[in-house]
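Throughout, this note's numbering is defined as the position within the sequence shown, counted from one, plus 10. Note that the Cβ used here is the ideal one computed from N, Cα and C, for glycine as well.
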Amino acid sequence: MERFAIIGFGAAGYAALKAIRECGSDAQIDIYSDHDYAPYNPMLTTYYIKGAIPYEAMFPFGSLEDIAAKYDCAIYKNTEVEDLKASPLSITTGDGEARCYDKVLIATGAAPVLLPVGDIPAEKLYTMRTVDDARRLKEAFDSGAIRKILVIGASWVGIKVVEAAWARGIECVMADMAEQIFATSAFEGASIKCEEYLAEEGIDSRFGVKATGGRIGENGRCQVIFSDGSETEVDAIAVCVGIRPAASFADSTIARDKAIIVDNNMKTSAEGVYAAGDVAEGIDMMTGRTRHIGLWANSATQGRCAGLAMAGREEPTEGNILHNITHFLNYNFISFGDKDAEGERRVLVDEGSRYIEILHRDGKLYCINMLGDYELSGAVKNCIIKYFSKGTAELNELELGVIAKSGLPNELIRILGGMVK
Ligand SMILES: Cc1cc2nc3c(=O)[nH]c(=O)nc-3n(C[C@H](O)[C@H](O)[C@H](O)COP(=O)(O)OP(=O)(O)OC[C@H]3O[C@@H](n4cnc5c(N)ncnc54)[C@H](O)[C@@H]3O)c2cc1C
Numbered sequence: 011m012e013r014f015a016i017i018g019f020g021a022a023g024y025a026a027l028k029a030i031r032e033c034g035s036d037a038q039i040d041i042y043s044d045h046d047y048a049p050y051n052p053m054l055t056t057y058y059i060k061g062a063i064p065y066e067a068m069f070p071f072g073s074l075e076d077i078a079a080k081y082d083c084a085i086y087k088n089t090e091v092e093d094l095k096a097s098p099l100s101i102t103t104g105d106g107e108a109r110c111y112d113k114v115l116i117a118t119g120a121a122p123v124l125l126p127v128g129d130i131p132a133e134k135l136y137t138m139r140t141v142d143d144a145r146r147l148k149e150a151f152d153s154g155a156i157r158k159i160l161v162i163g164a165s166w167v168g169i170k171v172v173e174a175a176w177a178r179g180i181e182c183v184m185a186d187m188a189e190q191i192f193a194t195s196a197f198e199g200a201s202i203k204c205e206e207y208l209a210e211e212g213i214d215s216r217f218g219v220k221a222t223g224g225r226i227g228e229n230g231r232c233q234v235i236f237s238d239g240s241e242t243e244v245d246a247i248a249v250c251v252g253i254r255p256a257a258s259f260a261d262s263t264i265a266r267d268k269a270i271i272v273d274n275n276m277k278t279s280a281e282g283v284y285a286a287g288d289v290a291e292g293i294d295m296m297t298g299r300t301r302h303i304g305l306w307a308n309s310a311t312q313g314r315c316a317g318l319a320m321a322g323r324e325e326p327t328e329g330n331i332l333h334n335i336t337h338f339l340n341y342n343f344i345s346f347g348d349k350d351a352e353g354e355r356r357v358l359v360d361e362g363s364r365y366i367e368i369l370h371r372d373g374k375l376y377c378i379n380m381l382g383d384y385e386l387s388g389a390v391k392n393c394i395i396k397y398f399s400k401g402t403a404e405l406n407e408l409e410l411g412v413i414a415k416s417g418l419p420n421e422l423i424r425i426l427g428g429m430v431k
């Protein structure tokens with residue numbers, strides 16, 4: 011009987027387990043998780059803090075006991091893998107135990123980067139990724155100890171923390187070294203609209219600034235100084251400045267860039283070793299090159315693909331495109347594709363809160379920003395993915411229906427597939 015190990019049990023690890031069993035494989039499967047929670051969805055952490063969902067909703071796949079029984083696997087909880095050797099293929103856990111496997115999936119996701127803020131002590135600093143992160147910030151909000159919070163990082167994680175605080179009536183300052191919000195995915199025009207909207211909602215946003223100093227004042231609050239000389243006084247600081255793929259334990263001979271490089275079957279450069287989810291760098295279908303695209307659905311798709319391949323049924327993924335769909339403070343920012351790609355940019359809609367800007371080249375859409383057109387995002391994304399995977403964007407009836415009644419500009423509809431007259 012073959013022996014498989016899955017390291018890390020989030021969306022990618024769970025999808026892999028399910029796929030292995032769906033294939034009918036009777037391999038022994040050992041799962042290693044460095045905590046004792048069931049697999050959870052990090053995207054939902056801020057919804058829990060906000061009070062929009064109950065605690066249990068963060069765990070979409072059920073309890074560890076139910077999963078172990080359903081998929082016949084051994085789950086080693088609170089067991090961190092500290093070393094993965096590629097040859098012979100073996101792992102060593104924190105308790106010094108070493109085991110050999112035929113195939114191993116690395117599905118350890120990513121960890122938030124925690125930068126120091128002057129002399130502010132750790133108990134005033136928060137990150138947002140794990141269930142523990144969510145519980146900690148929610149408890150602090152519930153206790154009433156946080157009346158004002160500084161969120162460092164104007165990314166999709168930062169803005170979701172801002173939203174959770176705003177929804178609870180907690181004053182917010184958001185600061186970023188970048189000159190604009192959503193700097194990696196938004197064109198300037200879309201950023202400006204989002205920033206204006208946040209200002210109307212009472213968020214104090216500061217861009218192009220770095221927190222250069224911080225200390226606890228006599229009143230016990232955090233006094234933070236920014237690089238432009240401005241200051242703020244808050245009760246807590248959420249540091250949302252990015253993530254680092256959790257791959258330091260993996261054999262250094264396994265090829266990596268920002269994350270572990272995989273092919274379309276999620277195979278790494280080492281025989282028998284696969285990687286999926288936020289720890290992996292799969293194919294960006296726009297460029298054909300590998301790229302880190304850290305998304306929930308992408309992690310599940312990659313995990314499934316890895317599980318199938320481990321069980322001997324290769325069904326290669328087509329890769330993915332960059333995307334960012336962020337609902338915040340009752341507003342929507344949607345971006346598909348690479349805003350830094352070469353091409354011509356055109357603002358197609360700029361009316362009130364609605365905004366659409368595209369970047370296109372040779373009749374192909376390389377990036378689109380949309381504000382206020384949330385219901386269309388799936389159809390638009392499917393069109394872009396069809397272009398790049400099949401070389402055509404023939405629309406299905408559902409997409410045609412949605413797009414036809416959407417009021418999207420004709421130029422965009424033409425670029426999206428030319429199917430709507
Ligand atoms: C606030 C927030 C908002 C987000 N919003 C969106 C969104 O709107 N849309 C979207 O698509 N995505 C969003 N994401 C990203 C999305 O949640 C991730 O892309 C996805 O959950 C990654 O899944 P994963 O299985 O690769 O990693 P994870 O869910 O991180 O799972 C990896 C697991 O491995 C464990 N682990 C790590 N190291 C070890 C080790 N050495 N040994 C054993 N176990 C280990 C970790 O504890 C973890 O449980 C958001 C994330 C956050 C935090």
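What separation, rounded to the nearest whole angstrom, lies between the Cα atoms of residue i and residue j?
| i | j | result |
| --- | --- | --- |
| LYS431 | PRO419 | In this predicted model, LYS431 has a pLDDT of only 35, less than 50, meaning its place in the structure is not dependable; the value taken from the coordinates is given anyway. Their backbone Cα atoms lie some 12 Å apart in a straight line. |
| TRP166 | ARG139 | 12 Å |
| GLY61 | ALA265 | 42 Å |
| ILE425 | ILE39 | 47 Å |
| ILE63 | ALA48 | 17 Å |
| PRO98 | GLU92 | 16 Å |
| ILE247 | ILE253 | 17 Å |
| PHE14 | ASP112 | 6 Å |
| ILE16 | GLN312 | 13 Å |
| ALA414 | VAL390 | 12 Å |
| TYR136 | LEU147 | 7 Å |
| GLY168 | LEU160 | 10 Å |
| LEU305 | GLU354 | 27 Å |
| TYR65 | VAL141 | 9 Å |
| PRO70 | GLU324 | 26 Å |
| LEU208 | CYS33 | 48 Å |
| ILE394 | ASP348 | 12 Å |
| ASN229 | ASN392 | 53 Å |
| GLU181 | LEU94 | 45 Å |
| HIS333 | ASP267 | 20 Å |
| ARG178 | GLY212 | 13 Å |
| ALA351 | ALA196 | 12 Å |
| VAL114 | GLY282 | 6 Å |
| MET68 | ILE77 | 16 Å |
How about residue i and residue j: are their beta carbons less than 9 Å apart?
| i | j | result |
| --- | --- | --- |
| ALA37 | MET320 | yes |
| ALA185 | ARG216 | yes |
| LEU27 | CYS83 | yes |
| GLU75 | LEU339 | no |
| VAL412 | GLY388 | yes |
| SER43 | THR89 | yes |
| TYR86 | ARG31 | no |
| VAL272 | LEU124 | no |
| ILE156 | ALA175 | yes |
| GLY119 | SER309 | yes |
| GLN190 | GLU210 | no |
| THR297 | LYS170 | no |
| ILE226 | PHE151 | no |
| LYS432 | ASP245 | It is not possible to answer for residue 432, since the shown part of the chain is limited to 11 through 431. |
Residues in its own chain within less than 6 Å of residue i by CB, not counting five upstream and five downstream?
| i | result |
| --- | --- |
| SER416 | LEU386 |
| ARG314 | ALA25 and ALA29 |
| ILE41 | ILE16, PHE19, CYS83 and ILE85 |
| ALA108 | SER100 and THR102 |
| GLY223 | GLY128 and ILE235 |
| MET187 | LYS220 |
| MET380 | ILE344 and ILE366 |
| ASP105 | none |
| ARG356 | ILE368 |
| ASP214 | VAL183 |
| ALA164 | MET184, ASP186 and ILE191 |
At a cut-off of 8 Å, would you count residue i as near ligand 2, judging by its Cβ distance to the nearest heavy atom?
| i | result |
| --- | --- |
| GLY23 | With respect to ligand 2, the structure offers nothing, as its ligand set consists of ligand 1. |
Spatial neighbours of residue i within its chain, please: C-beta separation below 7 Å, excluding the five flanking residues on both sides.
| i | result |
| --- | --- |
| SER399 | MET295 and GLU328 |
| SER35 | ALA321 |
| LEU422 | LEU358, ILE366 and ILE368 |
Quick one: residues in its chain with C-beta nearer than 8 Å to the C-beta of residue i, no 5 flanking neighbours on either side, listed in chain order?
| i | result |
| --- | --- |
| ILE270 | ILE116, PRO255, ALA257, ALA260, ILE264, THR278, ALA285, VAL289, ALA290 and GLU291 |
| GLY154 | none |
| ASN274 | GLY292, ILE293, CYS315, PRO326, THR327, GLU328 and GLY329 |
What are the residues that DSSP puts in a beta bridge with residue i?
| i | result |
| --- | --- |
| GLY347 | CYS377 |
| PHE236 | ALA221 |
Is there a Cβ from chain D that is less than 9 Å from the Cβ of residue i?
| i | result |
| --- | --- |
| GLY163 | No chain D appears in this structure, which consists of one protein chain only. |
- Cβ pair count under 8 Å reaching 3, the segment 314-329 against the segment 350-366: no
- Message: Tell me whether the segment 237-246 and the segment 368-376 touch, counting them as touching only if at least three CB pairs, one residue from each stretch, are closer than 8 Å.
- Response: no
- Message: Quick test of the definition: if touching needs 3 or more C-beta pairs under 8 Å, does the segment 11-28 touch the segment 276-293?
- Response: yes
- Message: Within 8 Å, do at least three Cβ pairs link the segment 44-60 to the segment 334-354?
- Response: no
- Task: Could you tell me whether the segment 298-313 touches the segment 126-143, where touching means 3 or more Cβ pairs closer than 8 Å?
- Result: no
- For the segment 193-207 against the segment 226-238, are there 3 or more C-beta pairs whose distance is under 8 Å? no
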